[in-house]
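K.L.:
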Amino acid sequence: MARLRWLLPALVLLVWLGGAGPLSTLSAQLTGLQENDTAAFLPDSAESTRVADLQQGFSPVQAIPAILLWEGDGPLDAATLQAVAERSAEAARVAEDAGALSAPPSPPVPSADGAAVQVLLPLDPEVGDEIIPLVADLRDTIAVEGTDTFVTGPGGIFADFANGFAGIDGLLLLAAFGVVLLILLVVYRSPILPFLVIGTAGLALTAGNAVAYLLADAGLITVNGQSQGIASILVVGAATDYGLLLVARFREELRRERSTYAAMRTALRRSWEPIVASGATVVLGVLCLLFSDLASNRGLGPISAVSVTLSVVAALTFLPAALVLLGRAAFWPFRPRFGAEPPAGRGWQRVAAAVGRRPRRVLAVSTLALVAAAVFAPSYDASGITFSDAIQGESNGVAGQEAIARHYDAGSGSPTVVVTPEDTWPAVAEAAASADGVATVVPFTGGPPGGPPVVVDGLVRLDVVLGVPADSTEALEVVQELRGTLDAADPAALVGGDTASNLDARETAARDLQVIVPTVLAVITVVLALLLRALVAPLLLMATVVLSVGATVGVAALLFDGVFGFPGSDPGILLIAFVFLVALGIDYNIFLMTRAREESLRHGTRDGVLRALAVTGGVITSAGLVLAATFGALSVLPLLFLVQLSFLVGFGVLLDTFVVRSLVVPSAVALLGDRTWWPGRLARRPTPEEPERELERV
């Protein structure tokens, strides 16, 4: 019988390790399915999406305009202009050889001051990820002595933006696993356990990406660099957290049980429910993103849900099997001995004692601190950021846009497109030209300027050049005002183009925030009620997490604007941060409250929650540090929204770990006592004379 006990763990390990190779092959292909352009994620009902569909009738050949720009210190001489013409022709050949040229380039267009020349190079939208090396080759090709050269416009800026995701498979995961390994080495002081936990997270990540690839390849979900990066970080953090909880309970049981198998059996029996419940809150929370109108968010929901589900599976199968086979040796050199008392005098026992002595004071002070920070949450700027703002560090594309603004109408490289009925187009063109921020309005002729406009199905296309950079916040405001102006001239006139797509994405994200936030709160409250068999406890926990999120956003508002000088934030990032903070913040409260319920059966609610705090404090704090550190790894990628998300989630997790779960929740539960579990049976505790088995049935 003893030998048979080795069989099941060994088979579990063989299944996981045997499947790692095929899963890795599928996982590696996920990056190739990314779609990172804004228009791909907008709903069909968006005005810019409808314009994009109509625009195909006017110009069957679609293109991403890349602008080649040469800028000198003064007027460019004849020799330089000749060199520019040669370099632009060579750039066109480079694009054509790469199969990325969708139409002939424009002739060189000198600026009015003679100090710059630009050429419009239409690139095929199907170029995909190949745009990154193509733009790099173009930048090398167009170099002309005595000028500063840029490949900018939508093509150049998009290449710089997409290049920010290039580190997802390497730099990001290396940073995440590296920081997790460092924390685990400090926590366990063992050379074996950290690699077991890291291995569990790695297998879960590989399996999650493999399943995500199959879903994306079948067209069931949309993947972009943002969703893949965030989901990767989430699975590393979640799998590590669940592993920490299981390992802590296993070590605790090894001191009570002589048999390794008996210890793991008890550890799994006590751990599976909080681990599964924690995973369920995250899975259901991120699946609420399916209600989003943005395909990028809808894609993030299933990818994250799959990743977290496999994190739970790996933590409850692979890790227990490995621990059983290794036994106490897994904890070397600090092996837990049978019959030994757990280390005493640790910090969390002192924290629990302090909370127990003055619960009212602890609750009042900690809550007041959170409220003081949350007061600043309404000042958080979620009005949106542009591609240019999203790119951190040096960007040739962004610098090129600034150079264009110095010598041309700033929006010339990416005009706003208006589609209007044929009989009203002159009035619509006149209204558009009168709008603030508009430089020129030209009807699309399909040939040289000045000819009659092309009419398709009774519609005319107008190209509106803005006087501000097309990807700037000011351009969003101009397009928003332009829509209002044209609506008065002809309600049938539609406004599209790259700037309008960015505006529609911002407005859609703001709508999602209003719809998904209450949905997430309702879903997770129901999960907590089922898990804790109570109503008061779930409402208390949700209130504390919402307060924690508010405090996090308030602190971010102060730091983003006053310290870091960020140009703003996107409502989509605020939505993702909220979903993760609520779902992940509840995780630690689940770990605490499930143990509190277990202890309350024997010692009463007040003593039970304090005992739970003392016992779980170390492991939950370690889990919080790991999760915050893994999300902090997002900041290594040069993209502003990932930097902001890493701060929001990382700081929020730490705030929840050290303040909400350690002070607010235990002090509130200690004051509420058995009422915490109302209307469950624990709220009606039996009298001391009633048999102990009555408690065990609660």
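In the numbering used here, the protein residues as written are 938 to 1635. Just so you know, even glycine gets a beta-carbon here, dropped at the ideal spot from N, CA and C.
(1) Taking 7 Å as the limit between beta carbons, can you name the residues of its chain near P1296, skipping five residues before and five after?
(2) Looking at the secondary structure, which residues open and close the alpha helix (DSSP H) in which R1534 lies?
(3) May I have the straight-line CA-CA distance separating A1471 from Q1286, to the nearest angstrom?
(4) Check each candidate in F995, L1484, T1456 and R1076 and name the one with the smallest Cα separation from W1007.
(5) Within the same chain, show all residues whose beta-carbon is closer than 7 Å to that of V1397, passing over the 5 residues directly before and after it, in chain order.
(6) Near G994, what residues of its chain come up, given a Cβ to Cβ distance below 6 Å and the 5 sequence neighbours on each side ignored?
(7) First and last residue of the alpha helix (DSSP H) that includes Q992?
(8) Just checking my contact of L1005 with I1079 at CB under 8 Å: how many whole Å lie between their CB atoms?
(9) What separation, rounded to the nearest whole angstrom, lies between the Cα atoms of D1524 and R1186?
(10) Determine the direct distance from the alpha carbon of R1294 to that of G1610, and round the result to whole angstroms.
(11) Per the DSSP calculation, W1007 is bridged to which residue(s)?
(12) Give a yes or no on contact between the region 1545-1565 and the region 1180-1196, applying the rule of three or more CB pairs nearer than 8 Å.
(13) Ordered along the chain, which non-local residues of its own chain (more than five positions away) have a Cβ less than 6 Å from that of T1086?
(14) Just to confirm my understanding: we take L1564, look at its own chain, exclude 5 residues before and 5 after, and list those with CB closer than 7 Å. What are they?
(15) Could you tell me the boundaries of the alpha helix (DSSP H) in which G1222 lies?
(16) Locate the beta strand (DSSP E) running through D1424, then write down its first and last residues.
(17) Start and end of the alpha helix (DSSP H) containing V1596?
(18) Would you tell me roughly how many angstroms separate the C-alpha atoms of A1029 and P1041, rounded to the nearest one?
(19) So, with DSSP's three-state summary, where would you put V1401?
(20) So within the region 1322-1369, which uninterrupted beta strand (DSSP E) runs reach at least 3 residues, ignoring any that extend past its ends?
(21) Would you check if the distance between the CB atom of V1416 and the CB atom of L1431 is smaller than 8 Å?
(22) Ignore the nearest five residues each way along the sequence and tell me which others in L1071's own chain have a CB closer than 6 Å to its CB.
(23) Tell me the DSSP bridge mates of T1377?
(24) Just how far apart, CA to CA, sit V949 and E1189?
(25) Might you give, ordered along the chain, the residues of its own chain that have their beta carbon closer than 6 Å to the beta carbon of G1330, omitting 5 neighbours on each side?
(26) How do the region 1234-1241 and the region 1200-1216 stand: do at least 3 beta-carbon pairs fall below 8 Å, yes or no?
(27) Please name the residue in I1069, V1116 and P1045 whose C-alpha comes closest to that of L1058.
(28) Taking S1043 as the reference, give the member of D1498, V1054 and S1325 with the closest Cα.
(29) Give the secondary structure of L944 by DSSP, where H, G and I count as helix, E and B as strand, and everything else as coil.
(30) Please confirm whether A1242 and V1220 have their CB atoms less than 8 Å apart.
(31) Name the DSSP bridge partner or partners of L1431?
(32) With three or more beta-carbon pairs closer than 8 Å as the criterion, would you say the region 1446-1466 touches the region 1254-1272?
(33) Given a threshold of 16 other Cβ atoms within 10 Å of its Cβ, counted over all protein chains shown, does D1424 qualify as buried or as exposed?
(34) Using CA coordinates, which residue listed in T1410, V1249, L1592 and A1252 is at the minimum distance from L1484?
(35) In three-state DSSP terms, what is I1001?
(36) Only counting the same chain, and skipping five residues up and downstream in sequence, which positions put a Cβ closer than 7 Å to that of E1027?
P.N.:
The short version:
(1) Listed in chain order, the non-local C-beta contacts of P1296 below 7 Å within the same chain comprise S1604, A1607 and L1608, local neighbours out to five positions each way being set aside.
(2) Boundaries of the alpha helix (DSSP H) harbouring R1534: P1508 to H1540, taken from the DSSP string.
(3) Pairing A1471 with Q1286, the inter-Cα distance amounts to about 27 Å.
(4) Checked all of F995, L1484, T1456 and R1076; the closest Cα to W1007 is R1076.
(5) Same-chain partners within the cutoff: T1357, E1359, W1362, P1380 and P1390.
(6) Excluding residues within five positions, the ones whose Cβ falls inside 6 Å are V1393.
(7) Per DSSP, Q992 belongs to the alpha helix (DSSP H) from E984 to F995.
(8) With 8 Å as the limit, L1005 and I1079 qualify as a contact, their Cβ atoms being about 5 Å apart.
(9) The alpha-carbon atoms of D1524 and R1186 are separated by roughly 16 Å.
(10) Each residue's CA atom was taken as its position, placing G1610 and R1294 some 14 Å apart.
(11) Within the DSSP bridge table, the entry for W1007 names V1054 and T1086 as partners.
(12) Touching, yes, given that three or more Cβ pairs across the two stretches are closer than 8 Å.
(13) These residues qualify, in order along the chain: W1007, I1079 and A1080.
(14) The beta carbon of L1564 is closer than 7 Å to those of G1174, D1178, L1521 and V1590 in its chain, skipping five residues each way along the sequence.
(15) Per DSSP, G1222 belongs to the alpha helix (DSSP H) from T1197 to L1224.
(16) Careful: D1424 lies outside any beta strand (DSSP E), inside the alpha helix (DSSP H) at T1410 to A1426.
(17) Careful: V1596 lies outside any alpha helix (DSSP H) and carries neither H nor E.
(18) Roughly 8 Å separates the two Cα atoms.
(19) In the structure shown, V1401 sits in a strand (DSSP, three-state: E or B).
(20) DSSP runs (the beta strand (DSSP E)) wholly in the region 1322-1369: 1353-1358.
(21) At least 8 Å separates the beta-carbon of V1416 from that of L1431.
(22) Leaving aside the five residues that flank L1071 on each side, the residues in its chain whose CB is nearer than 6 Å to its CB run, in chain order, A1035 and A1037.
(23) T1377 pairs with V1402.
(24) Cα-Cα distance, rounded: 24 Å.
(25) Closer than 6 Å at Cβ, skipping near neighbours: P1575.
(26) The region 1234-1241 makes no contact with the region 1200-1216, as fewer than three CB pairs between them are under 8 Å.
(27) When only C-alpha atoms are compared, the closest one is P1045.
(28) Closest by alpha carbon: V1054.
(29) If DSSP states are grouped into helix, strand and coil, L944 belongs with the helices.
(30) The beta carbons of A1242 and V1220 sit closer together than 8 Å.
(31) In the DSSP output, where bridge partners are listed per residue, L1431 has V1356.
(32) Verdict: no, contact absent.
(33) Flag for D1424 reads exposed.
(34) Checked all of T1410, V1249, L1592 and A1252; the closest Cα to L1484 is L1592.
(35) Three-state DSSP puts I1001 in a strand.
(36) The answer, listed in chain order, is T1078.
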